[in-house]
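There are 2 protein chains.
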Amino acid sequence: MAVKTKDNITLKDIAKKLGVAASTVSNAYNRPDQLSEALRTKILETAKELGYCGPDPMAANLRRGKAGAIGVVYPHPLSYTFTDPVAAPTIQGIAEEAERAGYGLLLVGGSEDPLEAAPLVAKATVDGFVLQNFDKNDSLLEVILSRNLPVVFVESQTREGFPSITVDDEGGARVAANHLLSLGHKRFGIIALETTHHVREGIMDKARQAGVVHVPTRNRLRGYRRAVDATKLKWDKNVVVYETADNTLGDGYRAAAALLTHPLRPTALLAMSDQLALGTLRYANDNKINVPKQLSVVGFDDAPLASQTTPALTTVRQPYVEKGRLAGQLLIAQLKENTVPESVVLPTELIVRGSSGKANSGKPAK
Amino acid sequence: MAVKTKDNITLKDIAKKLGVAASTVSNAYNRPDQLSEALRTKILETAKELGYCGPDPMAANLRRGKAGAIGVVYPHPLSYTFTDPVAAPTIQGIAEEAERAGYGLLLVGGSEDPLEAAPLVAKATVDGFVLQNFDKNDSLLEVILSRNLPVVFVESQTREGFPSITVDDEGGARVAANHLLSLGHKRFGIIALETTHHVREGIMDKARQAGVVHVPTRNRLRGYRRAVDATKLKWDKNVVVYETADNTLGDGYRAAAALLTHPLRPTALLAMSDQLALGTLRYANDNKINVPKQLSVVGFDDAPLASQTTPALTTVRQPYVEKGRLAGQLLIAQLKENTVPESVVLPTELIVRGSSGKANSGKPAK
DNA sequence: CTGAAAGCGCTTACAG
DNA sequence: CTGAAAGCGCTTACAG
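These protein sequence lines are chains A and B, in that order. Offset between the first sequence (1-based) and this note's numbering: plus 31. Offset between the second sequence (1-based) and this note's numbering: plus 31.
Written out as structure tokens, the structure reads:
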């Protein structure tokens, strides 16, 4: 139908038409105080008349050496990232700070094949990056860092000289496990998030547990373990760990199925996300396992859904919006002040709701 | 701590160092087939040696006349947008298409004061925009359109010559109301989303109902009305409409409080979002009103939470991820083919779950 | 397969 | 308050 009209109207054209210098037209847009109000309105009028769309941002960027945007990068495709109910609020936090400081927010997703995302990252017109959930040896990370722009790591493997924001995953996990221990539970099933690049689903043996790379997974696992190791219980005898491939309800459901039919017969499940925990609740519901009487479940995140289910989910709250805000702040501070800020660890908090209760307060599951 | 190193190394520098033309260096990055493998690796090595970060995207953009990104704009601040559980999946849909076509995704939020967001929109380095929920006379919209870039409207007031994607809001709402009518309900409370720029909270009189601007709100309201008007019931006598300021649980809660204590004493609530509907469920729960025995509730969206609550929510499903995908596709089609695609209306579907039941199957609410 | 030339459209000191 | 000049760093035909 309509064809896009090619309009080559530039600053110069309208300067010529008016007999003023190009710099004056530029000032009309960018420094209104640098010229008389009368001239300015005349310029703006002529611009509208000629169909001039305002100074070309790409040219302005080049000239200024600033992109006016910050990049947010995940190692996974965006479609996957958005299945995590906590990802969006974190992006929101970054967005709030970007907005406030006058920056745009460029979202870049990775892909299964890191080479696919590389050009996008190489060509992203941004002044800096917020990097989430990156492993040290991610090949996309190399491409990003080679841009030599300011960076903030979020829940990633730390790297010398770069500020990072992490959540006290270990502490939160420890408190979660202690909560269940204090309720008398002795046999645990742990549902782990993604552990390495080599995604897999199933029970984790000792070697596999030792090789966890993904930061939140590693730290949460360590927290659970610390709690158990502080008791008379034996990690290897009283705990089964199941790793999931994706952070979805379905993965939690399958994990629950595997753990609750495991010879250990756990009375409590520790899930590394609320999403996974909700999957276990669904499994319990489908199989007439009463939560919390026959099975206790503790999640992680305190996602918006956590308080809405029946029973409501006992979970470890992490400040996911604030995490994003802080990431935005630390990046913008670098952009403005040219200094590298200190790294930050955010606290977690156990939120006790209905999904956890005393061990053996009903007959055992199955 | 560390200070950002200013690196002025450019294509030229490495061309000079190697005694080749700048274009050859450029080709090493952008057209590997245009030079021998040996020369290419030599160039790349020298680049790494000198600390060259690759071709500057801003300069490349200017030269190419392409930004390599698409903009997604909302009339509200991003922090508000993200409170809508359906916004993130829609962005995900756009992101999927952008990713696939090799575009970045620039998120731009509006603000209460449209003048604040204007510079961000004016300077956004994008090749086109996806515009969500825009009213015809939004002043930010003027700024965006003056960029003269390809655009796709989503759930916005249509504009001559621009492709748009809308959801069959009216049809969905009609089916929702018919569902309740067929269950014998005769007195309805409607909980409306934002209606105009002049945000308000409270019962809507006739004049206010007639002046609704916001597209989804207007169309859903019309759908409810069509259904009621097709019966012997009188809209003015059998229906109370309450408008909310924000799409939050709290707003739904307050709306339920107002409607259920209104003299009409509705037996069924039609909420224009699941978020609002969930707020009413919470109110009902707090006030020992049994859903669905004493009160039926029907939402809109089929957000991820809708199936997780107790009772699960009867609602109108809209394809929110696909809506985003389609928006991305229509925009990218314009960018690639220079033609304006046809507009699309997406279907809705009633999903009956536990929150709706026969009228008067219990004693009336209150 | 390689190189010289032109120019994308703007903003920024600076001089008047 | 206004204007002339320089240059941001790259890519693209084009000629060899």
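Glycine included, C-beta positions come from ideal geometry on N, C-alpha and C. All values reported here derive from a predicted model rather than from experimental measurement.
Residues of its chain near B/Val174, where Cβ-Cβ distance is below 7 Å and the 5 sequence neighbours each way are ignored: Ala149, Val152 and Ala153
CB contact flag (B/Ala289, B/Ala208, <8 Å): no
Segments assigned beta strand (DSSP E), at least 3 residues, entirely inside the stretch 197-285 of chain B: Correct list: 219-223 and 270-274.
Outcome for A/Val243 when other beta-carbon atoms lying within 10 angstroms are tallied against a minimum of 16: buried
Chain B within 8 Å of A/Asn179, Cβ atoms only: At a cut-off of 8 Å between C-beta atoms, A/Asn179 counts as an interface residue with respect to chain B.
Length-filtered (4 minimum) alpha helix (DSSP H) runs lying within the stretch 296-337 of chain B: The stretch 296-337 of chain B contains these whole alpha helix (DSSP H) runs: 305-317.
Through-space distance from A/Asn316 to A/Leu326, alpha-carbon basis: Whole-angstrom Cα-Cα distance: 11 Å.
With 16 other Cβ atoms within 10 Å as the buried cut-off, status of B/Val246: buried
Alpha-carbon to alpha-carbon, B/Asp260 and A/Val157: 54 Å
The stretch 129-145 of chain A in contact with the stretch 64-75 of chain A per 3-pair CB rule at 8 Å: no
Simplified DSSP assignment, three categories, for A/Lys47: helix
Distance, B/Leu362 Cα to B/Ala299 Cα: 40 Å
CB contact check: B/Pro150 to chain A, cutoff 8 Å: yes
Rounded distance between the beta-carbons of A/Gly388 and A/Lys324, thought under 8 Å: 6 Å
7 Å CB neighbourhood of A/Ile40 in its chain, flanking five on each side removed: Cβ neighbours of A/Ile40 beyond the five flanking positions: Leu81, Gly82 and Tyr83.
B/Lys43 burial status per 10 Å Cβ neighbour count (16 or more: buried): exposed
Counted within 10 angstroms of its Cβ, other Cβ atoms place B/Val94 as buried (16 or more) or exposed: The residue you asked about is not Val; residue 94 of chain B is Arg in the sequence shown. B/Arg94 is exposed by the Cβ-count criterion.
Amino acids of chain B, ordered along the chain, whose beta-carbon sits closer than 8 Å to that of A/Phe113: Ala119, Pro120, Ile122, Gln123 and Ala126
B/Phe184 - partner residues in DSSP beta bridges: B/Leu162 and B/Ser195
Contact with chain A by B/Ala33, beta-carbon distance below 8 Å: Note that B/Ala33 scores a pLDDT of 27, beneath 50, so its modelled location is shaky; the value from the coordinates is reported in the next line. Chain A contact via Cβ: present.
Own chain, CB closer than 6 Å to A/Lys37, minus 5 neighbours either side, in chain order: Below a pLDDT of 50, predicted positions are generally treated as unreliable, and A/Lys37, at 43, falls in that range; the measurement from the model is reported next regardless. For A/Lys37, where only same-chain residues beyond five positions count, there are no Cβ hits under 6 Å.
Residues that B/Val328 contacts on chain A, provided the C-beta gap is smaller than 8 Å: Those do not exist, as B/Val328 stays about 14 Å from chain A at its closest Cβ, beyond 8 Å.
N- and C-terminal bounds of the beta strand (DSSP E) containing B/Ile40: Note, B/Ile40: premise wrong, no beta strand (DSSP E); not H, not E.
Distance between A/Thr345 and A/Leu214 (C-alpha atoms, nearest Å): 13 Å
For B/Ala100, the three-state DSSP class (helix, strand or coil): strand
First through last residue of the beta strand (DSSP E) which encompasses A/Leu138: Gly135 to Val139
Backbone secondary structure at A/Thr156 - three-state DSSP: coil
Neighbouring residues, chain B, relative to A/Ala302 (Cβ below 7 Å): The contacting residues do not exist; A/Ala302 stays about 15 Å from chain B at best.
Range covered by the beta strand (DSSP E) that runs through B/Arg348: Thr346 to Arg348
Boundaries (first-last residue) of the beta strand (DSSP E) holding A/Leu381: Where A/Leu381 is concerned, the enclosing beta strand (DSSP E) stretches over Glu380 to Ile382.
Straight-line gap, A/Gln188 to B/Arg239 (C-alpha atoms, nearest Å): 55 Å
Cβ separation of B/Leu224 and B/Thr275, assumed to be a contact under 8 Å, to the nearest whole Å: The pair is a contact, with the Cβ atoms about 6 Å apart (cut-off 8 Å).
Where the beta strand (DSSP E) containing A/Leu377 begins and where it ends: Val375 to Leu377
Below-8 Å beta-carbon distance, A/Gly233 vs any chain B residue: no
The stretch 157-170 of chain A contacting the stretch 97-114 of chain A, beta-carbon criterion three pairs below 8 Å: Judged by Cβ distances under 8 Å, the stretch 157-170 of chain A makes contact with the stretch 97-114 of chain A, as three or more pairs qualify.
Test item: CB-CB of A/Thr114 and A/Asn278 under 8 Å: Contact: yes.
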